[in-house]
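Just below is one structure, and these are the notes that go with it.
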Amino acid sequence: MAEEFDSNSIEPTADEQAAEAKEPAGGQPEPRPVAQAVTARKPGLIGRWMGSINRFFSQITLPEWNLRTFLYLLVALIILVVLARNWTLVRIDLFGWHFDAPKPVVFAVSLALGAVLLRLWQVYVGRHGVEEPTEPKSSAGS
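Just so we're aligned: 57 in numbering that gives the first Met the number 0 is position 58 of the sequence shown, and the numbers increase by one with no gaps anywhere.
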């Protein structure tokens with residue numbers, strides 16, 4: 000005798016039960032995520048380098064254009080013009096070494112050296128403290 004197949008008598012699998020439990024009340028199943036294709040080749044050294052440069056530059060935002068920004072740009076332009084007009088070589092004699100350098104470069108190096116030395120002095124004074132000179136007490140008798 001041949002048994003008839005009844006589709007209602009088959010018990011659902013664990014996956015089917017989980018899918019039914021996730022279905023919302025409306026009976027519509029959740030949309031499945033679409034598989035995305037991934038390239039088989041990884042980017043090389045230059046590709047990774049360019050990707051990091053692109054990420055860096057994509058984070059830069061332009062400043063807001065107002066009077067302050069205009070004045071900063073105007074001051075920067077004036078400084079650049081003055082530096083370009085004074086780009087003559089200066090002879091430097093330092094501990095027996097002789098070399099020529101442009102005036103703006105010498106000025107920038109001396110400014111940076113002075114700032115570093117001042118900062119080192121501030122750190123030294125902050126850590127060790129510098130005592131004020133005191134006058135010796137004299138025991139002058141009257």
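Note that CB positions come from ideal geometry on N, CA and C, so glycine has one too.
Since the structure is predicted, the reported quantities are computational estimates derived from the model, not experimental observations.
Secondary structure note for residue 103: its alpha helix (DSSP H) is the uninterrupted segment 102-127. Proximity of the region 41-51 to the region 69-79 falls short of the contact definition, fewer than three beta-carbon pairs being nearer than 8 Å. When secondary structure is reduced to three states using DSSP, residue 31 falls in the coil class, being assigned neither helix nor strand. Here residue 59 carries a coil assignment [DSSP, helix/strand/coil]. Counting only the Cα atoms, residue 14 lies some 44 Å from residue 57. Excluding the 5 residues flanking it on each side, residue 99 has same chain C-beta neighbours closer than 8 Å at 88, 89, 90, 91, in chain order. By the criterion of a C-beta distance shorter than 8 Å, residue 41 is surrounded by no residue of its chain, once the five residues flanking it on both sides are discounted.
If you check the CB distance, residue 62 and residue 82 do not come in under 7 Å. Just so you know, the alpha carbons of residue 120 and residue 111 end up roughly 14 Å apart.
By alpha-carbon distance to residue 84, the top candidate from 96, 135, 69, 101 is 101.
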